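Mapping the sequence shown onto our numbering, position 237 (from 1) lands on 412, and the numbers just tick up by one.
Structure first, then comments.
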Amino acid sequence: MSLSSSDPDSVDDPAAEVLADAAVMLAPMVRWLLGHGVPLGALTRTLKQVYLDEGRSELARRGQRVTDSALSVLTGVHRKDVRQMQTEQPGRPALAPTPAAMLFTRWITDLSCRDAEGRPRASLPRQGPAPSFESLAREVCSDVHPRTLLEELLRLGLVRVEGEEVLRLSERFVLPGRDPAAAQAMAVNVADHLAAAVHNLGCDLPGRRLLEQSVFAEGLSPQAAAELGVLARAIWAEALERMVREAEQRLERDCDRDAEGAAPVARMRFGVYYFTDMEDADDDDDAGRARPRR
Numbered sequence: 176m177s178l179s180s181s182d183p184d185s186v187d188d189p190a191a192e193v194l195a196d197a198a199v200m201l202a203p204m205v206r207w208l209l210g211h212g213v214p215l216g217a218l219t220r221t222l223k224q225v226y227l228d229e230g231r232s233e234l235a236r237r238g239q240r241v242t243d244s245a246l247s248v249l250t251g252v253h254r255k256d257v258r259q260m261q262t263e264q265p266g267r268p269a270l271a272p273t274p275a276a277m278l279f280t281r282w283i284t285d286l287s288c289r290d291a292e293g294r295p296r297a298s299l300p301r302q303g304p305a306p307s308f309e310s311l312a313r314e315v316c317s318d319v320h321p322r323t324l325l326e327e328l329l330r331l332g333l334v335r336v337e338g339e340e341v342l343r344l345s346e347r348f349v350l351p352g353r354d355p356a357a358a359q360a361m362a363v364n365v366a367d368h369l370a371a372a373v374h375n376l377g378c379d380l381p382g383r384r385l386l387e388q389s390v391f392a393e394g395l396s397p398q399a400a401a402e403l404g405v406l407a408r409a410i411w412a413e414a415l416e417r418m419v420r421e422a423e424q425r426l427e428r429d430c431d432r433d434a435e436g437a438a439p440v441a442r443m444r445f446g447v448y449y450f451t452d453m454e455d456a457d458d459d460d461d462a463g464r465a466r467p468r469r
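Listed below in structure tokens is the structure:
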């Protein structure tokens, strides 16, 4: 005699453990959604569409036919919903940074935009030969007018125009929290971070695992946490400069290969985060864990 659950959403023990871990990852996202007035019903419909999109990819990866029945069995989405949602596609932000972001990043990393002491110039001539804002804009994006990029950076509060000079007001390209582009940037950053972690969970070959680690410390004073936050920004600034420079060199090399008929097929994203709160937390050990010395 066999027993089965009548609950179509029931899962076995291993899947229940995965769901418990997923709940931890989902909590900050739900907090964000609640803050923007997104109810559960709207998220459920979006999640169904994501399940169907990923289900199609999974069936194709397995070499199976992508049918309504196969999608329904794999995802748990009712066949009626599968048919109704066949043509729907959730809005997804672009994976590439905006021209304004690329311009600002080039400004703070390009050696031609450094002052006599080797620091990123605090201002650039608005027009004229390099180094100028106009020349930098044309290097980054040939199909968007420099004036348009300047207006976007002005809107974001990242630069100010004084006479014929463009003054940089920030050390980093940071979007205002309420700007729609900030949420889009968060979406692609978090998605790629999570994709790296999920890849590692299914990869048994050390040489194929992706970088996805963190340092955790507990027992800190608020002042110490703030100081480490400043240090994290400084470390990121150094890593950002080197990674941009190395990526540009490889892009130039690959452009030469592309001219020979070998088109590039890969993309990458390299990031860092720093989080702190003032509440006690029972967190699992991380790859790197600092403890106070006794």
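Cβ atoms here follow ideal geometry from the backbone N, Cα and C, with glycine treated the same way.
This structure is a prediction, so every number in the text was calculated from the model and none was measured.
Can you find the residues in the same chain that come closer than 8 Å, C-beta to C-beta, to residue i, ignoring five residues on each side of it along the sequence?
i    : result
A371 : L385, L386, E387
S287 : A305, P306
L329 : R335, V336
D290 : R296, A297
R464 : With a pLDDT of only 46 at R464, under 50, the local geometry of the prediction cannot be trusted, and no value is derived from it.
G303 : E309, S310
L249 : G230, E233, L234
Do we get a CB-CB distance below 8 Å when we pair residue i with the residues of chain B?
i    : result
M418 : Absent from the structure is chain B; it holds one protein chain and no more.
Excluding the 5 residues preceding and the 5 following residue i in the sequence, name in chain order all residues of the same chain whose CB lies nearer than 7 Å to its CB.
i    : result
M260 : K223, Q224, L227
D243 : R254, V257, R258
A462 : Because A462 sits at a pLDDT of 43, beneath the cut-off of 50, its placement in the model cannot be relied upon, and the following sentence gives the value as read from the coordinates. Correct list, in chain order: Q388, S389.
A197 : none
N375 : R384, L385, E387
Any idea what DSSP makes of residue i, helix, strand or coil?
i    : result
F348 : coil
L386 : coil
V551 : No answer is possible for residue 551: the residues shown for the chain start at 176 and end at 469.
R119 : Look at the range of the chain in this structure, 176 to 469, and you will see that residue 119 is not part of it.
R466 : Confidence at R466 is low in this model, with a pLDDT of 46, below 50, so the placement of that residue should be treated as unreliable; the coordinate-derived value is given next. Reduced to three states, the DSSP call for R466 is coil.
R472 : There is no way to answer for residue 472, as the model of the chain reaches only from 176 to 469.
S310 : helix
F391 : strand
R301 : coil
V241 : coil
V447 : coil
P214 : coil
A195 : helix
P295 : strand
V440 : coil
S181 : Model confidence at S181 stands at a pLDDT of 48, short of 50, so the residue's coordinates are unreliable and nothing is read from them.
R353 : coil
L342 : strand
D256 : helix
P272 : coil
Any heavy atom of the ligand FMN closer than 7 Å to the Cβ of residue i?
i    : result
E327 : The ligand FMN is absent from the structure shown, which contains no ligands of any kind.
Looking only at C-alpha atoms, which of the options sits nearest to residue i?
i    : options                : result
E416 : G446, L325, V405, S389 : G446
M443 : F391, N364, D452       : N364
F391 : L376, C378, G377, A407 : A407
P295 : E413, E427, C430, Y449 : E413
L344 : G332, P355, A409       : G332
M204 : V319, P189, L369, P274 : L369
P297 : E314, E337, P272, C316 : Here the sequence assigns Ala to residue 297, which means Pro is not the residue at that position. Comparing Cα positions, the closest option is E337.
W411 : L395, E427, Y448       : Y448
D452 : G377, R428, L403       : L403
F450 : V405, A276, C430       : V405
F348 : T273, T280, A198, T250 : T280
P272 : C316, A198, E309       : C316
D354 : H211, V252, A202       : H211
W282 : L324, S247, V248, G251 : L324
A275 : G251, R206, E309, A245 : E309
Tell me, to the nearest whole angstrom, how far the beta carbon of residue i is from that of residue j; I am working on the premise that it is less than 8 Å.
i    : j    : result
E327 : P300 : About 19 Å; that fails the 8 Å criterion.
L539 : L342 : Here the chain covers residues 176 to 469 and nothing more, so residue 539 does not appear.
P351 : A357 : 6 Å
L218 : L234 : Rounded, the Cβ-Cβ distance is 24 Å, inconsistent with contact.
Ordered along the chain, which non-local residues of its own chain (more than five positions away) have a Cβ less than 6 Å from that of residue i?
i    : result
A284 : The question names Ala, but residue 284 is Thr in the sequence shown. Once the five neighbours on either side are set aside, the close Cβ partners of T284 are E416, V419.
D318 : none
R231 : V241
Exercise. Using 8 Å as the threshold, is the stretch 404-423 in touch with the stretch 376-387, meaning 3 or more CB pairs across them?
Worked result: no
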